[in-house]
Amino acid sequence: HAAAALGCGWTLIGHCEERNDKAGILAEAGVTDTAAVNRLLNQEIKCAQAAGLKVLYCIGEKSEEQEQWQQVLGDQLSIGLDGVDKSRVVIAYEPIWSIGPGKTPADKPYIEKIARFVKEQTGGLDVVYGGGLKADNAAMLASIADIDGGLIGGAALKPDQFVDIINAANQE
């Protein structure tokens with residue numbers, strides 16, 4: 008309610024760091040059920056929507072979950088979005104395994120496959136990419152029909168890098 012009262016229209020829920028934090032707290036309490044994090048995030052989405060906010064809901068798989076990506080992402084979507092107003096949700100896909108220095112970024116075929124899966128599972132919700140969006144991959148991401156935008160991290164705080172990303176994406 009405080010964010011809405013301040014004039015915010017959107018909130019970000021389920022970012023990979025938030026998911027890790029929740030999983031750690033639950034593990035400390037003896038809860039190892041992976042669906043528990045998704046259930047908590049579902050409650051957060053419902054609270055945010057009750058306060059009038061739209062939600063950018065983050066989903067993504069870790070490297071050890073890559074072989075089961077359909078199950079992992081499917082659960083994040085089905086449990087996380089259960090009973091929420093989907094007309095006020097955008098999905099942000101974060102391939103956690105490809106984020107950070109020294110990691111291999113997700114390639115176009117992989118991102119296309121995931122974006123198509125998310126649209127199928129959600130009835131066509133908008134999907135934005137949040138796996139290290141930079142000027143050097145912005146045009147490639149903009150060329151993917153099922154990707155509707157980007158979730159830009161640290162570069163959003165650096166105006167020159169942010170403008171470079173926008174310009175690169177607009178070249179597509």
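In my numbering, the protein residues as written are 8 to 179. Virtual Cβ for every residue (Gly too), placed ideally from N, Cα, C.
L47 and C54 have their C-alpha atoms roughly 11 Å apart. C-alpha of H22 to C-alpha of Q168: approximately 22 Å in a straight line. Take the alpha-carbon of K61 and the one of P108: they are about 31 Å apart.
Annotation note: the region 22 to 50 contains no uninterrupted beta strand (DSSP E) run of length 3 or greater.
In the three-state DSSP reduction, I121 falls in the helix class (H, G or I).
Judged by DSSP secondary structure, V91 falls outside any beta strand (DSSP E); it is assigned neither H nor E.
Three or more pairs of CB atoms, one per stretch, sit closer than 8 Å, so the region 100 to 117 contacts the region 138 to 149.
In chain order, V97, D133, V134 and V135 place their CB closer than 8 Å to the CB of D155, counting only its own chain and leaving out the 5 sequence neighbours on each side. DSSP places L19 in the uninterrupted beta strand (DSSP E) bounded by W17 to I20. Contact holds between the region 117 to 129 and the region 83 to 98, because three or more Cβ pairs, one in each stretch, are under 8 Å apart. In the DSSP assignment, the residues bridged to A99 are C65 and V135. As the crow flies, the alpha-carbon of N174 is around 27 Å from that of C15. Under the three-state reduction of DSSP output, G156 falls in the strand class.
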